[in-house]
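S.K.:
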Ligand SMILES: [Zn+2]
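Residue numbers (the numbering used here): 447 to 581.
1) What residue does the beta strand (DSSP E) around residue 460 start on, and which one ends it?
2) Closer than 6 Å: is that where the CB of residue 491 sits relative to any heavy atom of ligand 1?
3) Is residue 475 a contact residue of ligand 1, with contact defined as CB to any heavy atom under 6 Å?
4) Look up residue 526 in the DSSP assignment and say whether it is helix, strand or coil.
5) Is residue 478 near ligand 1, in the sense that its beta carbon is under 6 Å from a heavy atom of that ligand?
6) Considering only their Cβ atoms, is the gap separating residue 576 from residue 470 smaller than 7 Å?
7) Grab me the residues of residue 460's own chain with a C-beta within less than 8 Å of its C-beta, minus the 5 sequence neighbours each way, in chain order.
8) Unbroken beta strand (DSSP E) runs of length 3 or more, entirely within the stretch 471-505: which are they?
9) Measure the alpha-carbon distance for residue 529 versus residue 477 and round it to whole angstroms.
10) Using beta-carbon positions only, say whether residue 506 and residue 537 come within less than 7 Å of one another.
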């Protein structure tokens with residue numbers, strides 16, 4: 447399935463650089479001892495930016511739900527329909543979610559509750575993005 451090519455900016459560049467090193471990174475506030483994703487300029491808890499850094503996750507998660515798209519607004523994806531949109535909850539912080547098409551998983555047979563692990567796929571030369579697969 448064709449994937450959007452990320453355009454890293456100052457805020458998201460550490461995440462995309464991590465992907466290129468096959469590492470799944472999330473922001474971490476050293477003051478609040480909490481993680482957050484997607485990246486934001488400030489910590490959602492304390493509101494400060496000076497304590498934000500990036501940490502590597504285990505890259506493990508659990509499928510907590512899914513939906514199926516039959517009529518995408520993205521014309522380039524019409525030949526891939528129906529396609530799966532699974533929600534992945536991150537192992538070390540279940541409030542952090544990622545989305546996945548779970549390549550190879552039948553769209554109407556998603557094993558909710560199953561363990562998944564991140565993998566990385568190249569969407570353009572020099573840029574990897576995260577994708578998830580059953581563990
Ligand atoms: Zn904080």
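Ideal Cβ positions, reconstructed from N, Cα and C, are used throughout, including at glycine.
Just so you know, these numbers come straight off a predicted model, no measurement behind them.
M.R.: So, from the data block:
1) Translated into the one-based positions of the chain shown, residue 460 becomes position 14. Per DSSP, residue 460 is not a residue of any beta strand (DSSP E); the alpha helix (DSSP H) it occupies stretches across 459-466.
2) Looking up residue 491 in the chain shown gives position 45. Within the chosen limit of 6 Å, ligand 1 reaches the beta carbon of residue 491 through at least one heavy atom.
3) Stepping through the chain shown from its first residue, residue 475 is reached at position 29. It does: the Cβ of residue 475 is within 6 Å (strictly closer) of some heavy atom of ligand 1.
4) Counted from its first residue, the chain shown places residue 526 at position 80. If DSSP states are grouped into helix, strand and coil, residue 526 belongs with the helices.
5) Counting from 1 along the chain shown, the entry for residue 478 is found at position 32. If you check the C-beta of residue 478 against ligand 1, you find a heavy atom less than 6 Å away.
6) Here the question's residue 470 lines up with position 24 in the chain shown. Here the question's residue 576 lines up with position 130 in the chain shown. Taking C-beta atoms as the reference points, residue 470 and residue 576 count as a pair closer than 7 Å.
7) Taking the first residue of the chain shown as position 1, residue 460 is located at position 14. Correct list, in chain order: 471, 485 and 500.
8) Correct list: 471-475, 480-482 and 498-502.
9) The residue given as residue 529 occupies position 83 in the chain shown. The residue given as residue 477 occupies position 31 in the chain shown. Approximately 40 Å, taken between the alpha carbons.
10) Reading the chain shown from its first residue, position 60 is the one you call residue 506. Reading the chain shown from its first residue, position 91 is the one you call residue 537. In this structure, residue 537 lies closer than 7 Å to residue 506 by Cβ.
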